[in-house]
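Residue numbers (the numbering used here): 699 to 1061. Using N, Cα and C, we set each Cβ at its ideal position, and we do this for glycine too. Keep in mind that this is a model prediction, so the values were computed, not measured. The structure appears below as structure tokens.
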Ligand SMILES: NC(=O)c1ccc[n+]([C@@H]2O[C@H](COP(=O)([O-])OP(=O)(O)OC[C@H]3O[C@@H](n4cnc5c(N)ncnc54)[C@H](O)[C@@H]3O)[C@@H](O)[C@H]2O)c1
């Protein structure tokens, strides 16, 4: 086998590989042979991804001696519900799935979250493999073992920490990715540079235009680098309790608020791009970072075609209220990842509200 790189994710409780390359979906059966499994697997996917890749993956696994069942779930967030979870459990019971059967998550972050939740809970945990097909899922959602589903009262309210046996990142899946979704995923790529790796950030700035080409080596390298950085962070703070993993939330306090305020008409990554700019600006307003850091962050994001400003007509009070409800918030205080510089970030659990209001209103 050639043409791929392996990143080892090592935590206190688990160790597993993340394979990154192009065309490496063909190695999936070989990689799966590396762990104990009963050669029975359910490929969980949705209509869109199934129509593009379902048959190919089914055939690939069946021709290697796997008994394969494709389980189709609704597209996007619609699949992350208890109703869908129950329906898939039912199918697995009917298929007589045992503890050594395997769930293969074939799709974006929503399919990945649903599949991880199901794999973690069916028979108290069965094998599972992540095959992410969106940029966001390849650089973020498929790595690190977090899986959550939504409740009617909110997103990602019920979840688990449960790692896959392996993650297979085939960059070629992105060739069919919707352009807006792809650009939105680039916001998370930039995020890694901003929060923890100045050199990588500079690489992204220098290769900005090539990153927009899904066939480029620069994109493959950037994805690999993100997988390495995420694996490093997760390795140091598997259960998100030490404030280290929390830095991955940079841009997300403002971002989630803007995303919810927009009634999810903004893509997640677009909202995060806006959040990254505002959280940089708040860092500067608090004299933690130089104003030039704000310009640097905003300019790379706008160069990638991402938004950098909150729409003018927002109600600041409502937006700040949404920020207070963020998962990182304790005791109603605004928590946010702030910057000292490019590549240097930290979690602040009590950001002065008046500064947040001033920046949101006045910038
Ligand atoms: N568990 C985590 O650590 C984590 C981290 C970040 C985000 N998430 C979750 O990820 C989800 C968002 O993920 P997403 O942005 O990948 O969205 P998504 O999974 O909804 O996918 C976006 C769209 O792209 C389509 N699609 C997927 N792959 C495709 C391909 N190769 N070609 C064409 N179309 C394709 C999907 O069908 C969907 O319509 C959210 O639910 C979020 O909560 C989880």
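- Contact between residue 820 and residue 790 holds: their C-beta atoms lie close to 6 angstroms from each other, under 8 angstroms.
- Taking 8 angstroms as the upper bound for CB-CB distance, residue 707 and residue 933 are in contact here, some 6 angstroms apart.
- Taking C-alpha positions only, residue 1039 is separated from residue 881 by approximately 24 angstroms.
- As DSSP reads the structure, residue 1030 sits in no beta bridge.
- With a cut-off of 6 angstroms, the C-beta of residue 811 is classified as near ligand 1, since at least one heavy atom of the ligand falls inside that distance.
- At least 7 angstroms separates the beta-carbon of residue 867 from that of residue 1053.
- Residue pairing by DSSP places residue 767 opposite 740 in a beta bridge.
- If you look at residue 831, you'll find it isn't in any beta strand (DSSP E); DSSP assigns it neither H nor E.
- For residue 931, the enclosing alpha helix (DSSP H) stretches over residues 915–934.
- In the three-state DSSP reduction, residue 773 falls in the coil class, being neither helix nor strand.
- Contact annotation, residue 788 with residue 744: C-beta distance approximately 18 angstroms; criterion of less than 8 angstroms not satisfied.
- Counting only residues of its own chain and dropping the five nearest sequence neighbours on each side, residue 918 has a CB closer than 8 angstroms to the CB of 718, 719, 720 and 869.
- DSSP places residue 883 inside the alpha helix (DSSP H), whose first and last residues are 877–894.
- Here residue 848 is buried: its Cβ has 16 or more other Cβ atoms, across all protein chains shown, within 10 Å.
- If you keep only unbroken alpha helix (DSSP H) runs of at least 4 residues inside the stretch 794–862, you get 807–819.
- Around the CB of residue 732, fewer than 16 other CB atoms lie within 10 Å, so the residue is classed as exposed.
- Short note on residue 891: C-beta not closer than 6 angstroms to any heavy atom of ligand 1.
- Nearest neighbour of residue 970 by Cα position, chosen from 1032, 800 and 952, turns out to be 952.
- Inter-residue distance for residue 855 and residue 822 is about 20 angstroms (C-alpha atoms, whole angstroms).
- If the five residues before and after residue 862 are omitted, its C-beta is found closer than 6 angstroms to the C-beta atoms of 826, 827 and 828, all from its own chain and listed in chain order.
- Ligand 1 has no heavy atom closer than 6 angstroms to the beta-carbon of residue 938.
- Remark: C-beta atoms of residue 949 and residue 853 do not approach each other more closely than 7 angstroms.
- When only Cα atoms are considered, residue 824 and residue 909 end up about 36 angstroms apart.
- Looking at 955, 808, 978 and 730, the one whose alpha-carbon comes closest to that of residue 776 is 808.
- Apart from sequence neighbours up to five positions away, the residues of its chain that approach residue 1012 with a beta-carbon distance below 7 angstroms are 959, ordered along the chain.
- About 16 angstroms separates the beta carbons of residue 724 and residue 750, which is beyond the 8 angstroms limit, so they are not a contact pair.
- Here residue 978 is near residue 995, since their CB atoms are less than 7 angstroms apart.
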